[in-house]
Amino acid sequence: MARRAATGKLAKYRSMRDFKVTAEPSGDRSPRGKGNSFVIQKHAARRLHYDFRLELDGVLLSWSVPKGPSLSPTEKRLAVRTEDHPLDYASFEGVIPQGQYGGGTVAVWDRGTWQPEDDPHEAMKKGRLTFTLDGEKLHGKWHLVRTRPQGKQEGWLLFKGRDDAANENVDIVEEEPRSVVTNRTIDQIAADSDRVWQSSKVAEPTAMEKRAARIAKAGKAAANEERDTNPRKNIHRNIQLANEAAKKARGKKTEPAAPPSASAASVAALVRQLPLGFQLTNLDKVLYPEQGITKAQLVAYFAVVADWMMPQLHDRPLTLVRCPEGRHKQCFFQKKILPGSPKSIHTVEIEEESGESVEYMRVKDMPGLVGLAQLGTLEIHTWGCHADKVERPDFMVFDLDPAPDVEWDRVALAAFEVRKRLNKLGIASWVKTTGGKGLHVCAPIKRTIDWERFKEFTKLFADTIAAEHPKQYTSNISKAARKGKIFVDYLRNGRNATFIAPYSPRAREGAPVATPITWEELAHGVDPLSFTTATVPLRLAKLKKDPWHGIEDADQAITAAAWRALGGKP
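When we follow the working numbering, the leftmost residue of the sequence shown carries the number 199, and every step to the right adds one.
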């Protein structure tokens, strides 16, 4: 009974890992021990934090405590609830390679037993758990109290009870930094890693952070002579001010449309200085009326994100959603180049199934991207191929499209399921939000097969998931078949089909953006609608590494073994 209960609680933990390539415990073995152990693991991942774990019902209830525990009863430390872990996890000390889920160094900082004051199940439901710790460092009474959510995750407060073990003067995490197992510091463990866990198939090199300053690249190129006059750098530096009105109005409907702000006018002056090769017009045109976002602010957004966006957009055939008068008025799809388009927008000739030859649009650089904004483009959709080999697809996308009654957490778990299955086929994948309720799981692929075979493979993949989990997924496009399910949309992988480009805005209220994220971010919880034209530039400015780091170097193909694994013919 205990084993079955633990197995159910570990579903999220398992969905994030492929145990054919990881040495992490799956939790398949029956729970052992007295049932009241606790462990605190010091975890130097993207940010140093302490994983606080209490054994209950055959699993380790887990919280992430950024500042670690304090012996002072007045110090209430944030503790973010994370997925339950198997009991075997408590003994791990070593290194998880960077770029993998939970990548970083782990030390067993404290361990021992715990005793709840009352029924722990009822206490967890009520959001107030009082207990006694008997560890090597921590002792006495402690409290965990649920507070406001941290994004999609439960927020709790961890603090010491008032007893003889309390101490207002000692900072326990500073005074006692070493492992209770090996007496090593976190740095010594990192330098002498005697145990390494692989928590995903593809590891990222630890030294690869060279793209950290991509967003300021143009400004740095002229750092000495044009440090204060480079328009792109000025746009980036003032983007928060430029979007002040949009941020204040985000999510609030305004009738009539919010007027352009003074900051929008200052952005218009800046973007006119961009070296584009064409003239920008109608910069005060309001494109997102709810937030008062103007064309000038859209141009500024594209100028700032160009260095992040172009690697995935460069020389791909495009289809646009244009809203020249704003998203609240008539919008339309456009794939053919039209007379009068900025010269920075290039073309590629593609023969349609009808036999008609059409000049599709493509862009190569920031001026091309801004040229699309000049046309009033609010959405950029791309083909999964490049202009030099249109008949050879090179980018696979599974669009996880939930029914209206499906919660976000299920969509996130579905993305991890797709990732795990692709891993088993030898295909590493990356993930992005869509500007809506769904997620895109994406994978670059060698250009070895044509569109027909490419779509056939992705259909087999989607059909397999739907067949094995018919209550959760469907590969049927019919709306009637989607109730309570997630549509695993493989149709983005056909010739002439498109998908929303990374970092493209959407023509929707709030100006949401399809945003690349890391798998670790998805596991810890994200709000997809928090990524907007106002917030994404600020996010990129703070990142030390591209969330899609490594995607351009991926060397993978649809192999004969992958075909056979899905029951197809190579």
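Backbone N, C-alpha and C fix where the C-beta goes; we use that ideal spot for every residue, glycine too. Values in this document were obtained by computation on a predicted structure and should not be read as measured data.
For residue 640, which option in 671, 621, 561 and 468 has the closest C-alpha, if you only look at C-alpha atoms? 621
From residue 668 to residue 587, what does the alpha carbon distance come to, in whole angstroms? 37 Å
Contact under 8 Å by Cβ, residue 603 with residue 684: no
Outcome for residue 759 when other beta-carbon atoms lying within 10 angstroms are tallied against a minimum of 16: exposed
Segments of 3+ residues assigned as beta strand (DSSP E) that fall wholly inside the stretch 549-590: 555-560 and 575-580
Output yes or no for whether 8 Å exceeds the beta carbon distance between residue 331 and residue 236. yes
C-alpha gap between residue 709 and residue 597, whole angstroms: 20 Å
Quick test of your reading: residue 283 and residue 306, contact by CB under 8 Å. State the CB separation rounded to the nearest angstrom. Their Cβ separation, rounded to whole angstroms, is 13 Å, which puts residue 283 and residue 306 out of contact at 8 Å.
Based on DSSP bridge pairs, tell me the residues matched to residue 344. 354
What residues in its chain sit with their C-beta under 7 Å from that of residue 752, if we drop five residues either side in the sequence? 626 and 642
Measure the CB-CB distance between residue 694 and residue 656 and report whether it falls below 8 Å. no
Using the Cβ count rule (16 or more neighbours within 10 Å means buried), how would you classify residue 711? buried
In terms of DSSP beta bridges, what is residue 532 paired with? 518
Endpoints, alpha helix (DSSP H) assigned at residue 321: 318-324
For residue 647, which residues of its own chain have a beta-carbon under 7 Å away from its beta-carbon, when the five flanking residues on both sides are left out? 756
I'd like to confirm the pairing. Which residues does DSSP put opposite residue 292 in its beta bridges? 304
Locate the beta strand (DSSP E) running through residue 239, then write down its first and last residues. 235-242
Cutoff 6 Å; reference residue 266; Cβ partners in own chain excluding five residues on either side: 248 and 371
When the Cβ atoms of the stretch 568-578 are set against those of the stretch 538-553, are three or more pairs found closer than 8 Å? yes
If we count the other Cβ atoms within 10 Å of its Cβ and call it buried at 16 or more, is residue 268 buried or exposed? buried
So, using beta-carbon positions, are residue 500 and residue 519 closer together than 8 Å? no
Over what stretch of residues does the alpha helix (DSSP H) that includes residue 746 continue unbroken? Here residue 746 belongs to no alpha helix (DSSP H), and DSSP marks it neither H nor E.
Would you identify the three-state DSSP class for residue 728, choosing helix, strand or coil? helix
Looking at C-beta atoms only, is the number of pairs between the stretch 578-594 and the stretch 509-526 that lie closer than 8 Å three or more? yes
Going by beta carbon distance, what residues of the same chain come within less than 6 Å of residue 345, once the five residues before and after it are set aside? 353 and 355
Is the beta carbon of residue 362 closer than 8 Å to that of residue 333? no
CB residue 633 to CB residue 715, shorter than 8 Å? no
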